[in-house]
Amino acid sequence: QKEVEQDPGPLSVPEGAIVSLNCTYSNSAFQYFMWYRQYSRKGPELLMYTYSSGNKEDGRFTAQVDKSSKYISLFIRDSQPSDSATYLCAMINAGGTSYGKLTFGQGTILTVHP
Amino acid sequence: EAQVTQNPRYLITVTGKKLTVTCSQNMNHEYMSWYRQDPGLGLRQIYYSMNVEVTDKGDVPEGYKVSRKEKRNFPLILESPSPNQTSLYFCASSLSGQGNQPQHFGDGTRLSIL
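Chains A and B supply the protein sequences, listed in that same order. If you read the first sequence in the numbering used here, its first letter stands for residue 4, the second for the next number, and so on. If you read the second sequence in the numbering used here, its first letter stands for residue 293, the second for the next number, and so on.
Below, the structure is given as structure tokens:
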């Protein structure tokens, strides 16, 4: 079983839709949670990060963490064609001998069509 | 401009011929890391370095070596490349190994081993 599970999609939505992206994880040592966006032929860029359970909002993006359920989400409101990309969740191990080790989900391909 | 620079961007080579992919960052970051990205598997961490004195294995270190002799450089070495190491490779850096510092990624090195 993978430590981080992410539905690869692909996900196709109309412009203006609300998008929900999700990851589950199994390692309790994961304490920092991030969402990256990756456009074709480019490296991932950080979108959001959270540490504690709850919600964090940044413009049209909201990151949600539920540590009790080992579940994180990214919501995109009023989605735009420019949001079309691969979205990757990522988690950092903050304990033990693997401190600092970063693990990614496999990424969800999102297409927002006009 | 703050950036992570990888070279080469593309390389086609043959089995067994030693190669090195260089990575350099100009942001005075402590943490550097290498990932490979494969379809359906997402980004997997190969090696990471919390600082010049500490280097640790990630999820898929077999067949790779790294070196962190100075803060800005973190080369990835394939002593005897094999076809299963054909992949897209990313180098990344962050101010520290904690999740509250964004990881800056290079634009990738596409490596083909024949």
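Think of the CB as a built atom: it goes at the ideal place given N, C-alpha and C, for glycine as much as any other residue. Bear in mind the structure is a predicted one, so any value in this text is a computation, not a measurement.
Query, Result
"Rounded C-alpha distance that separates Gln329 (chain B) from Glu371 (chain B)", "20 angstroms"
"Inter-residue Cα distance where the pair is Gln4 (chain A) and Ser31 (chain A)", "15 angstroms"
"Helix, strand or coil at Gln109 (chain A) according to DSSP, with G and I counted as helix", "coil"
"Residues within the stretch 391-404 of chain B neighbouring chain A, beta-carbon criterion of under 7 angstroms", "Gly391, Asn392, Pro394, Gln395, Phe397, Gly398, Asp399, Gly400"
"Helix, strand or coil at Ser85 (chain A) [DSSP, three-state]", "helix"
"Segment contact, 8 angstroms Cβ cut-off, at least three pairs: the stretch 293-305 of chain B with the stretch 104-116 of chain A", "no"
"Straight-line Cα distance separating Ser56 (chain A) from Ser29 (chain A)", "16 angstroms"
"Length-filtered (3 minimum) beta strand (DSSP E) runs lying within the stretch 23-70 of chain A", "33-41, 48-53, 57-61, 64-69"
"Identified DSSP bridge partners for Arg360 (chain B)", "BP columns for Arg360 (chain B) are empty, so no partner."
"Integer-rounded CB distance, given that Tyr54 (chain A) should sit under 8 angstroms from Gln34 (chain A)", "7 angstroms"
"C-beta contact flag for Ile338 (chain B) and Gln377 (chain B) at 7 angstroms", "no"
"Nearest neighbour of Ser360 (chain B), chosen from B:Gln393, B:Val344, B:Ser388, B:Gln317 [CA to CA]", "The question names Ser, but residue 360 (chain B) is Arg in the sequence shown. Minimum Cα distance to Arg360 (chain B) is reached at B:Val344."
"Buried versus exposed, by CB contacts within 10 Å (16 or more), His116 (chain A)", "exposed"
"Chain-ordered residues of the stretch 318-347 of chain B with a beta carbon less than 8 angstroms from chain A", "Tyr323, Ser325, Tyr327, Gly332, Leu333, Gly334, Leu335, Arg336, Gln337, Tyr340, Met342"
"Closest Cα partner of Lys310 (chain B) within the set B:Pro367, B:Ser316, B:Arg336", "B:Pro367"
"Any C-beta of chain B under 7 angstroms from that of Phe107 (chain A)", "yes"
"CA-to-CA distance, Asp399 (chain B) to Thr297 (chain B), given in whole angstroms", "8 angstroms"
"Same chain, Cβ closer than 7 angstroms to Ser316 (chain B), five either side skipped, listed in chain order", "Thr297, Arg364, Asn365"
"The beta strand (DSSP E) enclosing Glu8 (chain A), as first and last residue numbers", "7-9"
"Proximal residues to Thr347 (chain B) (C-beta, below 7 angstroms), its chain only, five neighbours per side dropped", "Tyr339, Ser341, Val358, Arg360"
"Residue-level contact to chain B via CB, Gly12 (chain A), 7 angstroms cutoff", "no"
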